[in-house]
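Below is one structure, written out as structure tokens; the observations come after it.
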Amino acid sequence: MIFRENTKGDLKSLERIYPAAFPDEDLLPVVRSLLTGSVDVLSIVAEDNGKVVGHVAFTICSVGDVSVGLLAPLCVDPAQHKQGIGSALVREGVKGLQERAIDKVLVLGDPAYYGRFGFATERAIHPPYPMPEDWADAWQSVSLGTGADQIEGPLIVPDVWQDPSLWG
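Going by the working numbering, the residue at position 118 of the sequence shown is 232; the numbering climbs one at a time, nothing skipped.
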């Protein structure tokens with residue numbers, strides 16, 4: 115298994131695995147925008163024997179004048195679940211963000227899953243759109259050790275993330 119930044123040639127593979135992993139959500143428009151647009155994104159794939167089996171994207175956003183990463187989406191081919199690929203993708207991405215001096219990573223996701231990476235409920239940074247109350251604990255962050263613990267305010271996202279349906 116190797117982990118590398120994605121190339122445009124990976125899009126066909128991602129168009130195969132995202133619908134298989136998320137049959138009730140259409141994440142392909144977001145994935146395509148992140149990979150082919152002008153968005154500042156760290157995008158990593160997991161490759162097993164020459165076949166792309168997982169992907170994670172970290173969009174560079176801001177809170178005031180502080181750069182932060184938004185972890186989304188994360189996907190692993192269902193045939194490859196329970197092998198630690200998703201965890202490895204998150205760790206590789208966080209490492210890459212640290213190298214870019216990103217201060218904090220945010221995610222809207224399962225607290226039980228993301229808690230293993232140090233994510234905790236975020237109350238000081240507000241998502242771009244209101245979320246359902248029962249999702250409050252799913253809005254999480256982890257500091258990357260750069261003194262970003264005191265960041266407060268609204269998350270400023272690029273156009274690809276300005277669709278309210280992505281936030282609830």
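Don't be surprised by glycine CBs; every beta carbon is placed ideally from N, CA and C.
Close Cβ partners of residue i (< 6 Å) along its chain, the five nearest in sequence each way excluded
i	result
V256	V219, G232, F233
V167	A160, D191, Q194
P272	V153
R237	none
Cβ shell of residue i (< 7 Å), same chain only, five flanking positions each side left out
i	result
I116	E161
Between the CA atoms of residue j and residue i - distance to the nearest angstrom
i	j	result
V170	P268	23 Å
D154	V145	13 Å
V274	V221	15 Å
C189	Q197	13 Å
L141	R230	24 Å
F136	E213	30 Å
S176	P143	22 Å
D248	T121	37 Å
N163	P187	23 Å
S201	V208	11 Å
Beta bridge counterpart(s) of residue i as assigned by DSSP
i	result
G183	I174, V219
P268	H240
H169	V159, C189
T235	Q254
Whole-number beta carbon distance between residue j and residue i, since they are thought to touch under 8 Å
i	j	result
A252	D277	The Cβ separation is near 17 Å, so there is no contact.
S157	E119	6 Å
L149	L125	6 Å
Residues near residue i in its chain [Cβ-Cβ closer than 8 Å; skip 5 each side]
i	result
P244	W281, G282
Cβ contact check for the segment 203-223 and the segment 180-188: 3 or more pairs under 8 Å: yes
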